[in-house]
Every structure is written in structure tokens, then in C-alpha cells.
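Read through the structure below, which is laid out as C-alpha cells, and then see the notes.
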Amino acid sequence: MSIKHSINIQRLPRHIAIIMDGNGRWATSKGEDRLYGHWHGVESVRDIATGAAELGIKYITLYAFSTENWDRPAYEVNGLMELLIETIRKEVPTLNKNNIKLHVIGNVSMLPDAAKAELNEALQETSSNTGLNLIMALSYSSRWEITEAVKAIATEVKQGKLQVNDINQDTIKNYLTTKGYPDPELMIRTSGEYRISNFLLYQLAYAELYFTDTLWPDFRKEDLYKAIIDYQSRERRFGKTSEQVKKVDS
Ligand code: FPP
Numbered sequence: 095m096s097i098k099h100s101i102n103i104q105r106l107p108r109h110i111a112i113i114m115d116g117n118g119r120w121a122t123s124k125g126e127d128r129l130y131g132h133w134h135g136v137e138s139v140r141d142i143a144t145g146a147a148e149l150g151i152k153y154i155t156l157y158a159f160s161t162e163n164w165d166r167p168a169y170e171v172n173g174l175m176e177l178l179i180e181t182i183r184k185e186v187p188t189l190n191k192n193n194i195k196l197h198v199i200g201n202v203s204m205l206p207d208a209a210k211a212e213l214n215e216a217l218q219e220t221s222s223n224t225g226l227n228l229i230m231a232l233s234y235s236s237r238w239e240i241t242e243a244v245k246a247i248a249t250e251v252k253q254g255k256l257q258v259n260d261i262n263q264d265t266i267k268n269y270l271t272t273k274g275y276p277d278p279e280l281m282i283r284t285s286g287e288y289r290i291s292n293f294l295l296y297q298l299a300y301a302e303l304y305f306t307d308t309l310w311p312d313f314r315k316e317d318l319y320k321a322i323i324d325y326q327s328r329e330r331r332f333g334k335t336s337e338q339v340k341k342v343d344s
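Taking our numbering, the leading residue of the sequence shown gets 95, the next gets one more, and so forth.
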């Protein structure tokens, strides 16, 4: 029996966030250049996106390129941008075939013009899909996002459009790039690293964290299913007691 059948479809996480880590180590271990690992990482993206869509997951956010990644050697940054352009161009038919809608969060203005153009076209071409929402975090970092939100809120207050006393947690949510998406219930990080690395710091407040030693280019839908099964075995208490949570569930 495939592992997929052990998943309780009634209790799927609506939103899964993934830190795709280990591409460089995967390539180096094979005596290859780091970019070789990134190119293979795209196969994992394709596999888990189609796997999640088949299962009925509504949102996946992938940390594809962080604000800090701009500081990598130029050849790697350029290689990743080329990969981004190539991938988007090639994968749009797969997205449409699987009813997947592409979204992007991050400081997209920093991307090269060719990447921006390709991205805009893909966003447009997948905009009427109604299945999985695939959110690519590109040139993204949580501290950047929160700083932008604070600036926007301060501007509204200064212009008299928002009262300080009216600011609550929903206000903040509405100024984040993830406005309109539910918070992730599950966050997966591959490659045996135990960090959040400036990813969705506000949104992951109550997410279940799942870490695996598998390097991203080896990660496949079966690994995603394993993470979901692990998530389904956890008791999510949101600060309450176990007894309180069980009473609500029964
Ligand atoms: C982290 O591995 C991975 C990235 C910085 C890039 C992830 C990108 C993809 C999987 C390709 C899809 C994305 C685009 C832009 C199309 P690492 O390089 O930090 O690996 P290491 O920790 O082993 O060095």
C-alpha cells in the first residue's frame, strides 16, 4: 500500500511552507557544480507540486530565493536567475495541466527584467486556475516584509487613514505579502538544518515544524506525504491544555 493511503484527507494542512535546502551539498557530493544541484531541485519542485495538487492541498509556499541569497557569488546568483526564467517558461503547461495557480511574494523589483517579464506572464497565464496555489518566495525575507508592513502602516497613520488604537493582529496580517493566504500549519525544511532562516516569521507562529535530513534534490512527493502523516500525529494546542483541545475535538 502506498504511503499516500495513510493520509487522513479530512485533516490536511491547508498551507505547507517549505525551505528547500541542500542543493549545493547534493551537487558537491556528486563532484558537480552547485548549480547542478539547483537544476535538479526543480524536479523536486515539480514532483511535490503535482503531488500536493493530487492530494488537494490548497497552498504551498516555497522559499526559492532569499534576500540574503543576493550575496552569493555572482555566478551562482546569475545561474539561479537563469534557472528561474527557464523554469517558469517551461513549467507553465504543467501548472495549467494540474490546475495550479502561481503566486509570488518578495521584493520582485530586484529581479532582472527578463525574470520579471517571464514571471508576470506566468502569473497571468495561470491566474484562472482554481486548484493548488503555488507561492514562490523570491527575493524574500521576513524582516524585509515586516519592515515594509511597518512603513506602510506608519504612512496610513500619518495620513490619518488609520488610528493607532485600531491596529490589531489582523491589520498587520493585511500588510504582509501573504495577505489573503491562510497561515501555514506545517513548515518543512530539508537537509538536516534546524533553522527558520528569515522565512515567514510572523505567519509561522503556530506552524508545526518538520525537519528531514533528505537533501532537496532527493525530496519527492512520498517525502511530502511522510511529513503530512507526521503532522497529523501531532496535537496542536495553540497555548491551551491537552484536555481543552480534546474537548473541542470530541
Ligand atoms: C538552497 O540550497 C536552495 C536555494 C538557495 C535555491 C532553491 C531553488 C530551487 C530548488 C530551484 C527552484 C527555484 C528557482 C529560483 C526556479 P543551498 O544552495 O543553500 O544548498 P546547501 O545548503 O547545500 O549549500
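Ideal Cβ positions, reconstructed from N, Cα and C, are used throughout, including at glycine.
At least one heavy atom of the ligand FPP sits closer than 8 Å to the Cβ of S160. Take the alpha-carbon of D165 and the one of K195: they are about 30 Å apart. Between the C-alpha atoms of T284 and K252 there is a straight-line separation of about 43 Å.
Counted as a single uninterrupted DSSP element, the alpha helix (DSSP H) harbouring I182 occupies residues A168 to K191. With a contact defined as Cβ atoms closer than 8 Å, L318 and E302 miss out at about 14 Å.
Beta-bridge annotation (DSSP): L303 is paired with M281.
Annotation for H197 indicates a beta carbon at 8 Å or more from all heavy atoms of the ligand FPP.
Measuring C-alpha to C-alpha distances from I113 to each of K340, H134, N292 and N102 identifies N292 as the nearest. By DSSP's assignment, F159 forms a beta bridge with L232.
Counting along the chain, no alpha helix (DSSP H) covers K195; the unbroken beta strand (DSSP E) around it starts and ends at K195 to I199. In this structure, DSSP gives Y288 a state outside helix and strand, which the three-state scheme calls coil. Excluding five sequence positions before and after F305, the CB atoms of its chain that fall closer than 6 Å to its own CB belong to R283 and Y288, given in chain order.
Y269 is the residue among T224, L226 and Y269 whose C-alpha sits nearest the C-alpha of A248. Proximity of the region 137-156 to the region 227-236 meets the contact definition, three or more beta-carbon pairs being nearer than 8 Å.
Note on geometry: alpha-carbon atoms of Q104 and P278 lie some 17 Å from one another. The beta carbon of L298 sits closer than 8 Å to the beta carbons of A111, D277, P278, M281 and I290 from its chain, once the five residues preceding and following it are set aside; these are given in chain order. If you look at H134, you'll find it in the alpha helix (DSSP H) that goes R128 to L149. Apart from the 5 residues on each side of it in sequence, W133 sits with its Cβ closer than 8 Å to the Cβ of L177 in its chain, given in chain order.
In this structure, the CA atom of V186 is about 39 Å from the CA atom of I261. A143 is not a Cβ neighbour of I182, given a cutoff of 9 Å. Under the three-state reduction of DSSP, Y153 is assigned to strand. Ranked by how close their Cα comes to the Cα of A243, the residues I266, N259 and A231 have I266 in first place.
For I323, there is no enclosing beta strand (DSSP E); the enclosing alpha helix (DSSP H) covers residues K315 to Q326. Taking M175 as the centre and dropping the five residues before and after it, the same chain places the C-beta of P206 and A209 closer than 6 Å to its C-beta, in chain order.
In the DSSP assignment, I266 falls within the unbroken alpha helix (DSSP H) covering Q263 to Y269.
Under DSSP, A111 shares a beta bridge with T155 and M281.
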